[in-house]
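To start, the structure under review is shown below, and the notes come after it.
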Amino acid sequence: MRKKRIVLIGLDGVPYGLVDDLAERGTMPNFQAIKKQGSFVKIKAPLPAVSSVSWSSIITGENPGAHGIYGFTDLALNSYNLFFPNFNDLKVSAFWQKHPELKQVVLNVPSTYPVKPMNGVHLAGFVSPNMEEAVFPAKYLPKLQEMKYEIDVDSELAHQDISLFLEDLFQTTESRIAAFRYFWGEIDWDVFWLVFTGSDRLGHFLFDAYVNQNHQYRSAFLRYFQRVDEVIGEITNRLNEEDLLLIFSDHGMTESKANVNVNYFLMENGFLEVDKSRGEFYNQISLKTTAFALDPGRIYLNKKGKYPAGAVEENDLGKVLKELSDVFLRMDFQGQKIIKQVCRQEEIYSGPQLNRAPDLLLVENPGFRLRAGLGKKELFDKDIFTGTHTADDGFLLVKPPQAVDISLANPKVEDIIGIVEKAII
């Protein structure tokens, strides 16, 4: 009897509407064929909708209040010292750690650096600074170097020349495909993870090429998704009838309207004051500060006893939270409301890591990109990004359809692991 295998394909930053559109119009015929045979639903990302938070939720099946990852950056406990959380900071076991009885290939899952010993193969994805600690077992390093494997596209190229960026994007994608083909045959696996992160980079730099049919790089945008679809087709042709296939995104994307520098807004409204003589970055926060922001829309009260220059007393927390909520909800850009909702930590998070959560989380209306912007001199600016993240329009496609309860109310990315675990029981 053949064993049941599970394949998970991640398309980072791809919204439901985009992939549905490309499938319907014939750009992604293999995806379209699976849509007709499977369950295809919208799925929500945790807040904030950034890859480090979403992928941590996907691989653990937990919300940030349990796994402890709230963004690409965080502050060390009881300090203003900025650090970059990685796989060592994840407080809950990843699926492959929780199920060592299953041999797994984990290829390019973001925020899983540095790799750790496991039953199978692990190639960590963005933001791995080097290959040496991004590959387990290390014996595969020479093979990956031989195939010129790249962890991520060089996004800096987009700031120089979009055509150079696209060239690197396709080369990186081909190295990913080569690695997938090699490990598919090399390892007798039970579960295979394959993530394409180029889709997120393409969305950030060239979302306008999707929106505008006459865009100079429209054909390159479509060609990327055609190539990914070819791989999806290749995988489906290799699967057996009893195998489970999940294709999904970690968050969505939409056209960018403007960057909103949240710390500038806090300064202008009297909630934040910095003293540059105190040090660098967040260490400049003064005793007169009530609140400060981390990317993308995480608001922290400068609590007495929690931070070195803490000023907000316990008795004042409720009043300050309401003041902040009211002022953020009044923000506007050319008559458009920027903030859709202001959430308190206990409304969206639960678990033992709640003490690390932001006190407030700003939920932006589509198109606004919230930035911490410490040191910025204006509230709004624009950069090279033409696409920005969204939380409520990721997608999930599952085949066979009976593997997922599509009546599940408001499916979330952390529900993906539950589908997989039901399949292995």
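Note that our numbering gives residue 105 to position 105 of the sequence shown, counting from 1, and the numbers run on in steps of one.
From the three backbone atoms N, C-alpha and C, an ideal C-beta is built for every residue, glycine too.
Cβ of residue i within 9 angstroms of Cβ of residue j?
i, j, result
"L245", "V398", "yes"
"S11", "V195", "Note that residue 11 is Leu in the sequence shown here, rather than Ser. Yes, these two residues count as a Cβ contact at 9 angstroms."
"L222", "G71", "no"
"G394", "G252", "yes"
"Q104", "V121", "yes"
"V420", "S57", "no"
"T112", "D152", "no"
"L317", "K306", "no"
"G65", "Q345", "yes"
"V260", "E364", "yes"
"K42", "P411", "yes"
"D383", "I6", "no"
"H99", "I416", "no"
"M131", "Y182", "no"
"L511", "I299", "This structure cannot speak to residue 511, because the chain is shown only from 1 to 425."
"K337", "Y264", "no"
"N78", "Y349", "no"
"R201", "F248", "no"
"L107", "A179", "yes"
"I59", "F84", "no"
"T27", "Q213", "no"
"A309", "I339", "no"
"A258", "R369", "yes"
"K288", "A311", "yes"
Using 8 angstroms for Cβ pairs, my map puts residue i next to residue j. What's the rounded Cβ distance?
i, j, result
"V387", "S256", "According to the sequence shown, residue 387 is Gly rather than Val. Sure, about 6 angstroms apart at Cβ, within 8 angstroms."
"V342", "L360", "6 angstroms"
"S155", "V14", "That belief does not hold up - the Cβ atoms of S155 and V14 are roughly 17 angstroms apart, past 8 angstroms."
"V262", "G367", "Actually they are not in contact, since the Cβ atoms of V262 and G367 sit about 16 angstroms apart, beyond 8 angstroms."
"N269", "V211", "At roughly 34 angstroms, the Cβ-Cβ gap does not stay under 8 angstroms, so N269 and V211 are not in contact."
"D250", "S51", "6 angstroms"
"F205", "A158", "5 angstroms"
"G61", "G351", "Not quite, the Cβ-Cβ distance comes to about 12 angstroms (not below 8 angstroms), so this is no contact."
"A391", "L47", "6 angstroms"
"V191", "L102", "5 angstroms"
"A45", "S54", "5 angstroms"
Among all the DSSP beta bridges, which residues are the ones paired with residue i?
i, result
"A258", "F368"
"A291", "L301"
"G318", "Paired residues: none, contrary to the question."
"M253", "H389"
"L396", "V41 and F248"
"D380", "Reading the sequence as shown, one finds Phe at residue 380 and not Asp. According to DSSP, which records beta bridges pairwise, F380 is partnered with V260."
"Q284", "BP columns for Q284 are empty, so no partner."
Go ahead and pull the three-state DSSP assignment for residue i.
i, result
"G26", "coil"
"Y307", "strand"
"D415", "helix"
"L445", "There is simply no residue 445 to check, as the chain begins at 1 and stops at 425 in what is shown."
"S407", "Confidence is the limiting factor: at S407 the pLDDT is only 49, short of 50, which leaves the residue's position unreliable, though a coordinate-based value still follows. Three-state DSSP puts S407 in coil, outside helix and strand."
"T172", "helix"
"I232", "helix"
"W193", "strand"
"D332", "strand"
"A124", "strand"
"V312", "strand"
"N108", "strand"
"V211", "helix"
"V326", "Correcting the residue type first, residue 326 is Asp in the shown sequence and not Val. The answer is helix: DSSP assigns D326 an H, G or I state."
"L90", "coil"
"V153", "coil"
"G13", "coil"
"P85", "coil"
"I424", "helix"
"K3", "coil"
"Q145", "helix"
"F271", "coil"
"V115", "coil"
"Q226", "helix"
"L362", "strand"
"Q97", "helix"
"I338", "coil"
Please give the ranges of any beta strand (DSSP E) in the stretch 33-80, keeping only runs that are unbroken, at least 3 residues long and fully inside the region.
39-43
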